[in-house]
Amino acid sequence: MNRLTKGLLIIILGLVCLVALPDTPVLAGDDEKGITASVTVLNLIDITVTPVNQSIAIPSGGTGTKQFYASGNYTDGTDTFPKDITSSVNWTSSNTTVATIDASGLATALAAGTTTISASLNDKTDNTTLTVTIQSSGGDDGGGGGGGGGGSSDTTSLSEYTTSEGKFVVEAVVKSADGKVWMIIPKNTVVWNRNGQRLRYLSIKEKDVYPNIPANRKLISLVYDIGPNGSTFRPPVYLVFKYSDALIPVGIKGDKLVIATVQDDRWVEIQGCTVDTVEKTIKVLIGHLSIFAVMARTAEASFEINEINITPSDINPDEPVNIGVTITNNGDMAGSKNFTLKVNDEEIQTQTVTLDGGGSLTISFTMTPGASGEYTVDVDGIQASFTVNQPESEGAVAEVTEPEEEPVEPARFDISDLSITPSEVYPTGEVTISTLVQNVGGSEGSYDVVLKINGIEEARKSVTLGPGASETLSFTATGDSAGDYNIDINGRTGKFVVNPKPPATTPAETEPESSLPSWLPLVIIFAGMIFIVAVLIVVYRVFYKSR
Numbered sequence: 015m016n017r018l019t020k021g022l023l024i025i026i027l028g029l030v031c032l033v034a035l036p037d038t039p040v041l042a043g044d045d046e047k048g049i050t051a052s053v054t055v056l057n058l059i060d061i062t063v064t065p066v067n068q069s070i071a072i073p074s075g076g077t078g079t080k081q082f083y084a085s086g087n088y089t090d091g092t093d094t095f096p097k098d099i100t101s102s103v104n105w106t107s108s109n110t111t112v113a114t115i116d117a118s119g120l121a122t123a124l125a126a127g128t129t130t131i132s133a134s135l136n137d138k139t140d141n142t143t144l145t146v147t148i149q150s151s152g153g154d155d156g157g158g159g160g161g162g163g164g165g166s167s168d169t170t171s172l173s174e175y176t177t178s179e180g181k182f183v184v185e186a187v188v189k190s191a192d193g194k195v196w197m198i199i200p201k202n203t204v205v206w207n208r209n210g211q212r213l214r215y216l217s218i219k220e221k222d223v224y225p226n227i228p229a230n231r232k233l234i235s236l237v238y239d240i241g242p243n244g245s246t247f248r249p250p251v252y253l254v255f256k257y258s259d260a261l262i263p264v265g266i267k268g269d270k271l272v273i274a275t276v277q278d279d280r281w282v283e284i285q286g287c288t289v290d291t292v293e294k295t296i297k298v299l300i301g302h303l304s305i306f307a308v309m310a311r312t313a314e315a316s317f318e319i320n321e322i323n324i325t326p327s328d329i330n331p332d333e334p335v336n337i338g339v340t341i342t343n344n345g346d347m348a349g350s351k352n353f354t355l356k357v358n359d360e361e362i363q364t365q366t367v368t369l370d371g372g373g374s375l376t377i378s379f380t381m382t383p384g385a386s387g388e389y390t391v392d393v394d395g396i397q398a399s400f401t402v403n404q405p406e407s408e409g410a411v412a413e414v415t416e417p418e419e420e421p422v423e424p425a426r427f428d429i430s431d432l433s434i435t436p437s438e439v440y441p442t443g444e445v446t447i448s449t450l451v452q453n454v455g456g457s458e459g460s461y462d463v464v465l466k467i468n469g470i471e472e473a474r475k476s477v478t479l480g481p482g483a484s485e486t487l488s489f490t491a492t493g494d495s496a497g498d499y500n501i502d503i504n505g506r507t508g509k510f511v512v513n514p515k516p517p518a519t520t521p522a523e524t525e526p527e528s529s530l531p532s533w534l535p536l537v538i539i540f541a542g543m544i545f546i547v548a549v550l551i552v553v554y555r556v557f558y559k560s561r
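Taking our numbering, I'd label the letters of the sequence shown as residues 15 to 561.
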């Protein structure tokens with residue numbers, strides 16, 4: 015075979031390999047999919063202020079509020095991206111004597127007239143009008159013990175704010191028509207109806223038919239039906255009520271307010287309410303929708319003596335003794351009561367104590383007994399005692415006696431700080447229940463702490479503590495089925511809720527992996543090369559011998 019023949023053979027072999035190479039791409043690694051990501055700066059196209067052309071009526075000499083929102087459209091040059099920019103824009107009011115507006119978009123109406131509410135960011139601006147009128151009659155329309163009316167409502171479609179699975183794609187606030195109730199719904203919150211399907215709307219309606227108000231409770235807001243009833247949020251969202259001090263009964267402080275809901279045709283207080291007495295709001299986390307209202311606890315003042323402390327308890331004649339009395343008002347209402355000090359059944363002194371609901375105070379009585387002997391102190395039926403020693407005779411040798419040991423107060427235990435975490439779970443989900451146990455007595459002792467769920471004992475723990483010592487005990491509980499689970503630990507009560515299990519989601523379909531091994535293309539190539547070479551050798555030999 016000469017050089018020319020060898021060269022032609024090599025060229026032909028190379029061309030055959032190129033033609034025979036299969037049209038199969040080389041597989042990349044898991045992080046190499048042939049897709050190049052790009053980062054583009056978004057530019058603001060425009061701003062939209064909502065709601066448009068609003069009006070508000072305020073009482074003469076009073077004020078009112080209206081919330082405005084701003085949304086912006088951003089673009090990367092190809093697609094448009096909407097975004098809530100309420101807290102990012104610069105809010106202004108053209109007539110601040112009619113209304114002012116703060117950085118959150120909340121306008122405060124001050125006087126009759128019209129003002130332009132504007133929102134601006136970068137070089138983009140949008141505005142709307144706010145008209146303020148003075149109410150011809152009536153006062154604050156946000157209260158009333160009976161709820162009455164039931165005419166106003168606020169229904170909000172969720173279709174543009176949620177995905178097909180019910181997940182919020184924006185930060186949202188849903189408000190009642192009167193602006194006194196709202197829900198704050200964070201982005202990525204999932205909301206379902208009672209059937210475990212995507213919720214398509216929310217409504218807040220005033221309600222005038224509802225169960226009887228419990229004893230020692232008073233409505234200080236309208237009653238609102240927030241629905242659809244039975245809808246759930248994951249995670250829970252904040253429900254906020256705006257209240258008025260004018261509706262709170264005299265003698266009740268704002269911290270006695272609670273948000274209550276209707277369960278099984280009865281009112282139940284929701285644990286964990288937070289009251290802001292400056293902003294006049296009360297809020298609580300809720301995981302489901304139902305009927306809600308704000309109530310004030312109104313139990314009458316109830317005074318109790320917690321302790322009588324006598325110092326010193328052993329004195330000489332004509333030496334003063336101080337009698338301290340600690341008093342607590344266990345009611346919700348403020349009140350006053352006279353407390354009279356009796357010594358050996360003789361009335362010595364009377365003091366008047368005035369306390370807010372839940373308040374505590376220590377008062378002091380001072381007296382100087384002249385005669386020796388045992389003295390019994392009585393204040394409102396609670397007794398204590400002290401001793402006045404016998405005076406020594408002149409010239410007599412004082413008898414040295416060993417001091418008597420003071421009686422040791424037995425152990426006494428107190429349960430406090432009941433904590434239930436989390437307050438809402440799915441079936442079989444674990445809940446941690448903890449409480450603080452403290453020995454408030456004067457001796458070491460043991461104490462049984464019993465956990466009851468729905469009146470049935472579930473667990474028991476024993477603790478031994480020295481005087482003044484404390485220990486936190488924890489229990490773990492589960493609920494097998496949906497419903498309320500009432501917790502009782504030695505008289506301290508609370509509850510947790512087991513919600514229906516959410517519907518199972520269908521796992522996303524994945525593309526089947528290729529069953530062809532990665533080395534198969536190379537085997538095909540080499541097999542083709544061997545076949546072509548064999549054919550060429552045969553052709554060459556036939557051609558060469560024929561010559």
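Yeah, the Cβ is synthetic: ideal placement off N, Cα and C, and Gly gets one too.
Beta-carbon proximity list for residue i, same chain, < 8 Å, skipping 5 on both sides
i: T380; result: P334, V335, N336, I337
i: G286; result: V298, L299, S437
i: T382; result: D332, E333, P334, V335
i: N358; result: Y389, T390
Beta-carbon spacing of residue i, residue j below 8 Å
i: I234; j: V276; result: no
i: V511; j: G301; result: yes
i: M347; j: G268; result: no
i: T366; j: E444; result: no
i: V63; j: A133; result: yes
i: S423; j: G459; result: In the sequence as presented, Ser is not what sits at residue 423; that position holds Glu. No, they are not a contact pair.
i: S378; j: E388; result: no
i: V103; j: I61; result: yes
i: N468; j: A496; result: no
i: P481; j: N453; result: yes
i: L216; j: T170; result: yes
i: T449; j: I470; result: no
i: I80; j: G193; result: Strictly speaking, residue 80 in this sequence is Lys, with Ile absent from that position. A contact, by the Cβ cut-off of 8 Å.
i: I341; j: S374; result: yes
i: V339; j: T368; result: no
Residue i - partner residues in DSSP beta bridges
i: L213; result: DSSP lists no partner for L213.
i: K80; result: A121
i: P96; result: N87
i: S107; result: I131
i: Y461; result: V477
i: K221; result: V237
i: I399; result: Checking the sequence, you will find Ser at residue 399 rather than Ile. DSSP output for S399 lists T390 as bridge partner(s).
i: G497; result: V512
i: T354; result: T364
i: L375; result: I341
i: I266; result: Per DSSP, none; premise fails for I266.
Close-in-space but distant-in-sequence residues of the same chain around residue i (CB under 7 Å, 5 per side omitted)
i: D37; result: Unreliable positioning characterises D37 in this predicted model, as indicated by a pLDDT of 41, which lies under 50. The coordinate reading is nonetheless provided below. If we look at D37 and ignore the five residues flanking it on each side, it has no Cβ neighbours.
i: N87; result: I59, D60, T94, P96
i: N202; result: K181, F182
i: D462; result: R474, S476
i: P263; result: K232, A310, T312
i: W281; result: P225, I227, P228, A274
Contacts around residue i, its chain only, beta-carbon distance under 6 Å, and the 5 residues preceding and following it disregarded
i: T100; result: Y83, A84, G119
i: V205; result: G180, L213, F247
i: T288; result: K297
i: T114; result: S107, T122
i: D345; result: This sequence places Gly at residue 345; Asp is not what is there. So the qualifying residues of the chain are A313, E314, A315, S316, G371.
i: D239; result: K219, K221, I305
i: Y554; result: none
Beta strand (DSSP E) segment containing residue i, residue limits
i: T288; result: 288-290
i: N336; result: 335-343
i: L479; result: 470-479
i: N67; result: From DSSP, N67 is part of no beta strand (DSSP E); its letter is neither H nor E.
i: E485; result: 484-492
i: F306; result: 305-311
i: Q149; result: Segment: none, Q149 is in no beta strand (DSSP E) and carries neither H nor E.
i: V9; result: The requested residue 9 does not occur in the structure, where the chain is confined to residues 15 to 561.
i: N323; result: 317-325
i: W281; result: 280-283
i: K297; result: 295-302
i: D346; result: Where D346 is concerned, there is no enclosing beta strand (DSSP E), given that its DSSP letter is neither H nor E.
i: N230; result: Run containing N230: none; DSSP gives neither H nor E here.
i: Q404; result: It is not in any beta strand (DSSP E) - Q404 carries neither H nor E in the DSSP assignment.
Exercise for the section: Count the C-beta pairs between the region 285-302 and the region 242-258 that are closer than 8 Å, then say yes if the count reaches three, no if not. Expected result: yes
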